[in-house]
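Start counting the sequence shown at 54; every next residue gets the next number (the working numbering). Virtual Cβ for every residue (Gly too), placed ideally from N, Cα, C. Note sheet for the following structure.
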Amino acid sequence: MERFQNCISNSTDKGFVFTSDALLGLIIAFLFIGLLAYNPFEKGENITAKMEGQRQVNDLLDLMDRDGTLKELDLVTVEERMDSFLGEQYDWKIIITEYKETEDSFNQTGTYPLGNITEDLSEKNVIKGNRIFLSFEGNKIHRYYISDYWVWLK
54 MERFQNCISN STDKGFVFTS DALLGLIIAF LFIGLLAYNP FEKGENITAK
104 MEGQRQVNDL LDLMDRDGTL KELDLVTVEE RMDSFLGEQY DWKIIITEYK
154 ETEDSFNQTG TYPLGNITED LSEKNVIKGN RIFLSFEGNK IHRYYISDYW
204 VWLK
């Protein structure tokens, strides 16, 4: 009987050692994975937040394209919608370049800067992108516009 109790007490001690060993191994593995994910050279940019912001601005431009605001170049309405959509904490600028069909090609006919054009963006964490929208006459492209945009925290 005494021999049996010694076996039980030894087996529980061995189980504790193996559990501690496995736990220590998991802690080291998680630390290693965390260090692999950390990049000290990154400027603290959150890629997911940037992509989400870019998607939201693209959605707003898509809505303005569908209701004709962009095609009519209603610049006052574009500025009002951008300000109301982004809110007080963000600043932005958009440059819309217009191209019109002339004979066999498209030529640039105008550039329309909107928003905070004078801001220096070199030190800012900026969401940027571009969008092309088309204007048709009948079944033919009559004009197209390229809008380049930048959005940043104030």
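Element boundaries [alpha helix (DSSP H), containing residue i]
i    : result
L114 : 100 to 119
L128 : 128 to 139
Nonlocal neighbours in the same chain, by C-beta distance under 7 Å from residue i, ignoring five residues either side
i    : result
L187 : I194, Y197
L128 : Y165, L167
G106 : I180, V204
Same chain, Cβ closer than 6 Å to residue i, neighbours up to 5 away in sequence not counted
i    : result
L114 : R184
Beta-carbon proximity check, residue i vs residue j, cutoff 8 Å
i    : j    : result
L123 : V131 : yes
K181 : W203 : yes
Chain-order list of residues whose beta-carbon lies under 8 Å from that of residue i (same chain, five-residue window excluded)
i    : result
N169 : D144, W145, K146
Extent of the continuous beta strand (DSSP E) run through residue i
i    : result
I149 : 143 to 155
N160 : 158 to 168
Paired residues, beta bridge with residue i - DSSP
i    : result
F83  : In the DSSP output, where bridge partners are listed per residue, F83 has none listed.
S200 : I149, R184
K193 : E190
Buried/exposed call for residue i, threshold 16 Cβ in 10 Å
i    : result
G87  : exposed
S175 : exposed
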